[in-house]
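Quick note, my numbering runs 3 ahead of the 1-based positions in the sequence shown. Just so you know, even glycine gets a beta-carbon here, dropped at the ideal spot from N, CA and C. Computed from a prediction, not measured in an experiment: that's the story for all the values here.
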Amino acid sequence: FYRNKLQYPVGISSDNKPIMGVFASKSHRIIETAFCKIQNEKCQKVAKDAFEFIKNNNIAPYNEENGTGIVRHIIVRIGVRTDELMLTLVLNNFDFPLENEFIKYMISNNPNLKTIVKNLNNQNTNVILGKETKTIYGDGYIFDYIGDKKFKISPLSFYQVNPSQTEKLYSKAIEYAELSGNEIVFDLYCGIGTIGICASSKVKKLYGIETVPQAIMDAKENAKLNNIENAEFFVRRCRKNFTRFYKEEKYKTRCCFFRSSKKRL
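Put into structure tokens, the structure is as follows:
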């Protein structure tokens, strides 16, 4: 039950009934998933409640073959340390039937559900989330902690899915960096700034670079939340901008480079 993010596709079964679950290996055939031992149990309950409402009220699941239907994915996130839940419905169009009734049903059955968001994805693509979101309940984000640092998490933002191991991983990376307090640190593909912010108190200056504007907005806000004044975050492509950043500053101190994803320079 370690994962803090659940994302289940919604579709039509072979006997023409609504189905929610996970994709079979190397396919888009959905395997019905009522219970999963790696997903947070509270996230699973929110997903199950959302799907039951959709099914019981005849709200059409997405049909990948002809591009019809409404609901494509159900995504649930939890701040494990705060117990705050966020539900994102990935939709083929923003016209979600019985929206107000859905909100009332979900929050009455899940008291820690802090926000519900609609995400528009009407493209024929394997990418789960589209670029446009609308908040229909709450503030559109939740909070969580890594160590003593507080983080704001939005629907489009990357956040490590295994929080207990994230703390251990970040602590070990910072330990191995042997920071003296005089370094300039680049957090590349920084997302919402988690690893850089966790290291910020041990360095002279922190720069975060990321292509997702919403993630950089969250990173800037996370720096403010944690009273960090030595950090700057930029919406840039790392591959094209990192060398320029490095040369312009003409650093005289040793630099440490944190990579927050599997992407490479």
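In the structure shown, what three-state DSSP assignment does Pro166 receive?
-> Indexing the sequence shown from 1 puts residue 166 at position 163. Pro166 carries a helical assignment under DSSP once its states are collapsed to helix, strand and coil.
Asn122 lies in the beta strand (DSSP E); which residues open and close that run?
-> Your numbering for residue 122 matches position 119 in the sequence shown. Asn122 -> beta strand (DSSP E) spans 116 to 123.
Measure the alpha-carbon distance for Ile198 versus Phe189 and round it to whole angstroms.
-> Locating residue 198 in the sequence shown gives position 195, counting from the first residue. Locating residue 189 in the sequence shown gives position 186, counting from the first residue. Rounded to whole angstroms, the separation of the alpha carbons of Phe189 and Ile198 is 10 Å.
Buried or exposed (CB count within 10 angstroms, at least 16 for buried), Pro166 = Taking the sequence shown and counting its residues from 1, one reaches residue 166 at position 163. Burial check for Pro166: the Cβ neighbour count within 10 Å reaches 16 or more, so the residue is buried.
Have a look at the DSSP bridge pairing and note the partners of Asn61.
-> Here residue 61 refers to the residue found at position 58 when the sequence shown is read from its first residue. DSSP output for Asn61 lists no bridge partner at all.
Report the three-state DSSP secondary structure of Thr256 (helix, strand or coil).
-> Working through the sequence shown from its first residue, we reach residue 256 at position 253. For Thr256, the pLDDT reaches just 47, beneath the cut-off of 50, and the residue's location in the model is therefore unreliable, although a value from the coordinates is still provided. Coil at Thr256, not helix or strand.
Please classify Pro216: does DSSP put it in a helix, a strand, or coil?
-> Start at 1 with the first residue of the sequence shown, and residue 216 comes out as number 213. Here Pro216 sits in helix by DSSP.
With a floor of 4 residues, list each alpha helix (DSSP H) that falls wholly inside the stretch 170 to 223, ordered by position along the chain.
-> Look at the stretch 170 to 223 and you find these whole runs of alpha helix (DSSP H), each 4 residues long or longer: 197 to 202.
Is the Cβ-Cβ distance between Phe56 and Gln47 less than 9 Å?
-> One-based indexing of the sequence shown puts residue 56 at position 53. One-based indexing of the sequence shown puts residue 47 at position 44. Not a contact, by the Cβ cut-off of 9 Å.
Compare the C-alpha of Glu44 against each of Glu213, Phe4, Pro12, Glu35 and name the closest.
-> As a first step, residue 44 must be located in the sequence shown, where it is residue number 41. When only C-alpha atoms are compared, the closest one is Phe4.
Would you mind sorting Asp151 into buried or exposed? The rule is 16 or more other CB atoms within 10 Å of its CB.
-> Numbered from its first residue, the sequence shown carries residue 151 at position 148. Under the 10 Å beta carbon count, Asp151 is surrounded by fewer than 16 other beta carbons and is classified as exposed.
Quick one: what's Gly24 bridged to in DSSP?
-> Position 21 of the sequence shown, counting from 1, holds the residue named residue 24. Under DSSP, Gly24 forms a beta bridge with Glu35.
In the DSSP assignment, what are the bridge partners of Glu235?
-> As a first step, residue 235 must be located in the sequence shown, where it is residue number 232. DSSP lists Tyr210 as the beta-bridge partner residues of Glu235.
For Gly143 versus Ser157, is the C-beta spacing smaller than 9 Å?
-> Against the sequence shown, residue 143 aligns to sequence position 140. Against the sequence shown, residue 157 aligns to sequence position 154. Yes, these two residues count as a Cβ contact at 9 Å.
What is the residue span of the alpha helix (DSSP H) that Lys155 lies within?
-> Numbered from 1 along the sequence shown, position 152 holds the residue referred to as residue 155. From DSSP, Lys155 is part of no alpha helix (DSSP H) but of the beta strand (DSSP E) over 152 to 156.
Arg267, buried or exposed, once every other Cβ within 10 Å from all chains shown has been counted against 16 = One-based indexing of the sequence shown puts residue 267 at position 264. For Arg267, the predicted model reports a pLDDT of 45, less than 50, meaning its position is unreliable; a value from the coordinates is still stated below. Exposed is the call here.
Residue range of the beta strand (DSSP E) that includes Lys137 | Position 134 of the sequence shown, counted from the first residue, corresponds to residue 137. Unbroken beta strand (DSSP E) run through Lys137: 135 to 140.
Report all residues from its chain with a CB closer than 6 Å to the CB of Tyr173; omit the five preceding and five following residues, and keep chain order.
-> Here residue 173 refers to the residue found at position 170 when the sequence shown is read from its first residue. The residues Ile198, Cys201, in chain order, have a CB closer than 6 Å to that of Tyr173 in the same chain once the five nearest residues on each side in sequence are set aside.
Which of helix, strand or coil does DSSP assign to Tyr5?
-> Translated into the one-based positions of the sequence shown, residue 5 becomes position 2. Secondary structure of Tyr5 (DSSP, three-state): coil.
When DSSP builds the beta bridges, which residues end up paired with Gly14?
-> Here residue 14 refers to the residue found at position 11 when the sequence shown is read from its first residue. DSSP, once it has assigned bridges, lists Ile22 as partnering Gly14.
Measuring alpha carbon to alpha carbon, tell me which of Asn95, Val93, Glu67, Glu232 ends up nearest Val206.
-> Sequence index remark: in the sequence shown, residue 206 carries index 203 (1-based). The shortest Cα separation from Val206 among Asn95, Val93, Glu67, Glu232 belongs to Glu232.
Specify the secondary structure class of Arg240 as computed by DSSP and reduced to three states.
-> The residue you call residue 240 lines up with position 237 of the sequence shown. DSSP places Arg240 in coil when its eight states are reduced to three.
Mark Val130 as exposed unless 16 or more other C-beta atoms lie within 10 angstroms of its C-beta, in which case mark it buried.
-> Counting from 1 along the sequence shown, the entry for residue 130 is found at position 127. Exposed, by the Cβ-count rule.
8 Å CB neighbourhood of Lys117 in its chain, flanking five on each side removed = Here the question's residue 117 lines up with position 114 in the sequence shown. In its chain, beyond the 5 residues on either side, Glu87, Leu88, Met89, Gly141, Asp142, Ile145 have a beta carbon closer than 8 Å to the beta carbon of Lys117.
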